[in-house]
Amino acid sequence: MNYTQNRKIEQVTDQTLVIGMDIAKQKHYASMVDARGRVLKKLFPVIQSRSGFEQFYASIQEAMKEFGKTEVIVGIEPTGHYWLNLAYFLEEKGIPLVMVNPMHVKRSKELDDNLPTKHDAKDALVIAKLVKDGRFSYPRILHEVEAELRAGSTFRESLTKELNAVRNQMIRWLDRYFPEFVQVFPSFGKMALVVLEKTPFPMDIANQTVEGLMERYRQSETLKCPQKPKVQKLLEVARHSIGITEGQQMARIEIATLVRRYRQLEQEIAALTEELTALAQTTAEYEWLQTIPGLGDATIIELLSEIGSFAQYQDSRQLIKLAGLTLKENSSGQHKGQKRISKRGRKRLRALLFRVMMPLIRHNEAFRQLHEYYTTRPINPLRKKQSIVVLCGKLLKVLYAVCVKQQAFDGERMIQDIFSQSQAQAA
1 MNYTQNRKIE QVTDQTLVIG MDIAKQKHYA SMVDARGRVL KKLFPVIQSR SGFEQFYASI
61 QEAMKEFGKT EVIVGIEPTG HYWLNLAYFL EEKGIPLVMV NPMHVKRSKE LDDNLPTKHD
121 AKDALVIAKL VKDGRFSYPR ILHEVEAELR AGSTFRESLT KELNAVRNQM IRWLDRYFPE
181 FVQVFPSFGK MALVVLEKTP FPMDIANQTV EGLMERYRQS ETLKCPQKPK VQKLLEVARH
241 SIGITEGQQM ARIEIATLVR RYRQLEQEIA ALTEELTALA QTTAEYEWLQ TIPGLGDATI
301 IELLSEIGSF AQYQDSRQLI KLAGLTLKEN SSGQHKGQKR ISKRGRKRLR ALLFRVMMPL
361 IRHNEAFRQL HEYYTTRPIN PLRKKQSIVV LCGKLLKVLY AVCVKQQAFD GERMIQDIFS
421 QSQAQAA
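Mapping of the sequence shown onto full-length UniProt numbering: residues 1 to 427, in sequence order.
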């Protein structure tokens, strides 16, 4: 993962055939140039199919013979997920694949003709020229457990979003037909779902007795011991409800459907999490990540799905850059701009780190002390949000250290290292 600009440039020699590809859903377009950017073969299509890929591979072999090249490098601008099939095919054939930044393509496409036009032929050629200048990065092609964790984590996130959407629909339904329901059940637990399943409207409850409602709720397979105080309070609020009484026939079908879907999603997420946990436990990093107080199985799964094996990184700074936490500054002359994070990286990893940090500060004494120190130190104290950003970077360094060195997390040692560095700088 440690490729400097010079080493990238050195990889493209006079013997290298450089191919730039504009990726699309059904038909890609490719252009071939030499190490100096001279066009060797103009734009040609590559169909997104097995026969199309085989034909593309044959074209590469023919071009290498025709132009006397012994090496080849294919550069793409990543477009959604459409490039993945091509990436795995090229990997099978032993052809290196690199990526160029879409922003670089957008900003450099006017260099040749000074026009902001955009089309497949122009994009493919711009990509090829960026590759020959060494302005590319290497994609991480996932395999085995890493691929499973990434796919499973992405799917679980999708299910979680769907669960939140269903929850919001249920809240909207209650706001119309039974707004007092949330006074008894602030969240959708087992009993709340049973009540919505058996007696969704205030009119279903108001004329009943506490014992009658208790017996009715016990008939559910998911609830054998309903709480009597909640049933009493539910009966009280139902008798004074301001819920809408019109359109209840369709509303009853709606809430029944929502409750079924909510339960189904909860079960699917729980089953998927169990599968992902079993997969994560097979990795070398899981044992050491578990030693960090405040990191649960769900967090470890997401971290491994975003980062992969820590062994492929040579420095923790690569993780900070991967998360887009590298500091940027806009200064000129006597003007010194404010430093901010670049946000050039995996936004899901960055969001995960921010989500994890608050419970980590609560449950991990070392991180709690660091947060307190950063926000109260006499010289250059940080705001709470700034401190959280710094701690996100610190967490990545800790994750890297415990996994690569295969040592359990030592909070006291981390605190001593930080404070000793601070005292040395102050001196």
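Backbone N, C-alpha and C fix where the C-beta goes; we use that ideal spot for every residue, glycine too.
Using a beta-carbon distance below 8 Å, is residue 409 in contact with chain D? Annotation note: the requested chain D is absent from the structure, which comprises a single protein chain.
Within the region 258-323, note down every full alpha helix (DSSP H) run reaching 4 residues or more, in order along the chain. 286-289, 297-307 and 316-322
Would residue 71 pass as a contact of residue 141 if the rule is Cβ separation under 8 Å? Numbered from its first residue, the sequence shown carries residue 71 at position 71. Numbered from its first residue, the sequence shown carries residue 141 at position 141. No.
Buried or exposed for residue 225, please, with buried defined as at least 16 other CB atoms from any protein chain shown within 10 angstroms of its CB. Reading the sequence shown from its first residue, position 225 is the one you call residue 225. Exposed, because fewer than 16 other Cβ atoms sit within 10 Å of the Cβ of residue 225.
Going along the chain, which residues of its own chain have a beta-carbon closer than 6 Å to the beta-carbon of residue 350, five neighbours each way excluded? The residue given as residue 350 occupies position 350 in the sequence shown. 323 and 324.
Assumed close pair residue 132, residue 12 - CB separation to whole angstroms, cut-off 8 Å: Start at 1 with the first residue of the sequence shown, and residue 132 comes out as number 132. Start at 1 with the first residue of the sequence shown, and residue 12 comes out as number 12. Their Cβ separation, rounded to whole angstroms, is 5 Å, which keeps residue 132 and residue 12 in contact under 8 Å.
On the DSSP letters alone, give me the boundaries of the alpha helix (DSSP H) that residue 171 sits inside. The residue given as residue 171 occupies position 171 in the sequence shown. Its alpha helix (DSSP H) spans residues 144-177.
Would you please state the rounded distance, in angstroms, between the beta carbons of residue 97 and residue 269? I believe it to be under 8 Å. Numbered from its first residue, the sequence shown carries residue 97 at position 97. Numbered from its first residue, the sequence shown carries residue 269 at position 269. Contact flag wrong, Cβ pair sits at about 34 Å.
Rounded C-alpha distance that separates residue 348 from residue 150: Your numbering for residue 348 matches position 348 in the sequence shown. Your numbering for residue 150 matches position 150 in the sequence shown. Spanning the two alpha carbons is a distance of roughly 11 Å.
Do the region 255-264 and the region 163-182 touch if we need at least three Cβ pairs shorter than 8 Å? yes
Under 8 Å, with one C-beta from each stretch per pair, do the region 184-192 and the region 151-160 reach the 3-pair mark? no
Would you list the residues sitting across from residue 99 in a DSSP beta bridge? Taking the first residue of the sequence shown as position 1, residue 99 is located at position 99. For residue 99, which the question treats as bridged, DSSP gives the partners 76 and 137.
Helix, strand or coil: how does DSSP classify residue 20 here? Translated into positions along the sequence shown, residue 20 becomes position 20. Of the three classes helix, strand and coil, the one that applies to residue 20 here is strand, per DSSP.
By Cβ distance, which residues of its chain are closer than 7 Å to residue 320, with the 5 residues on each side in sequence left out? Position 320 of the sequence shown holds residue 320. Answer for residue 320: 326, 393 and 396, listed in chain order.
Output needed for residue 28: all residues of its chain with C-beta closer than 6 Å, excluding positions within five of it in sequence on either side, in chain order. As a first step, residue 28 must be located in the sequence shown, where it is residue number 28. Only 21 and 46 meet the Cβ criterion.
Within its chain, find whatever has a CB closer than 7 Å to the CB of residue 369; leave out the 5 residues flanking it on each side and keep chain order. Position 369 of the sequence shown, counted from the start, is the residue given in the question as residue 369. Excluding positions up to five away in sequence, the list reads 415.
Among the residues of its own chain, which have a CB less than 8 Å from the CB of residue 273, if the five just before and after it don't count? Working through the sequence shown from its first residue, we reach residue 273 at position 273. 156, 297, 298 and 301, listed in sequence order.
When DSSP labels each residue in this structure, what does residue 1 get in the three-state scheme? For this step, residue 1 is matched to residue 1 along the sequence shown. Because the pLDDT at residue 1 is just 38, under 50, the model does not fix this residue reliably, and the value given afterwards should be weighed accordingly. Three-state DSSP puts residue 1 in coil, outside helix and strand.
Go ahead and label residue 222 buried or exposed: buried means 16 or more other beta carbons lie within 10 angstroms of its beta carbon, across all protein chains shown. In the sequence shown, residue 222 corresponds to position 222, counting from 1. Result: exposed.
CB residue 449 to CB residue 217, shorter than 8 Å? The requested residue 449 does not occur in the structure, where the chain is confined to residues 1 to 427.
Is the Cβ-Cβ distance between residue 255 and residue 200 less than 8 Å? By 1-based counting over the sequence shown, the position of residue 255 is 255. By 1-based counting over the sequence shown, the position of residue 200 is 200. Yes; because the gap between Cβ atoms is below 8 Å, this pair is in contact.
Inter-residue Cα distance where the pair is residue 305 and residue 80: Residue 305 sits at position 305 when you count from the first residue of the sequence shown. Residue 80 sits at position 80 when you count from the first residue of the sequence shown. Their Cα atoms are separated by approximately 18 Å.
C-beta contact flag for residue 17 and residue 56 at 8 Å: On the sequence shown, position 17 is the one that residue 17 refers to. On the sequence shown, position 56 is the one that residue 56 refers to. For residue 17 and residue 56, no; Cβs fall outside 8 Å.
Cut-off 6 Å between Cβ atoms - residues of its own chain near residue 8, not counting five sequence neighbours on either side: Here residue 8 refers to the residue found at position 8 when the sequence shown is read from its first residue. The answer, listed in chain order, is 134.
Given residue 365, which residues of its chain have a CB within under 7 Å of its CB, disregarding the five upstream and five downstream residues? As a working mapping, residue 365 is identified with position 365 in the sequence shown. Hits under 7 Å: 411.
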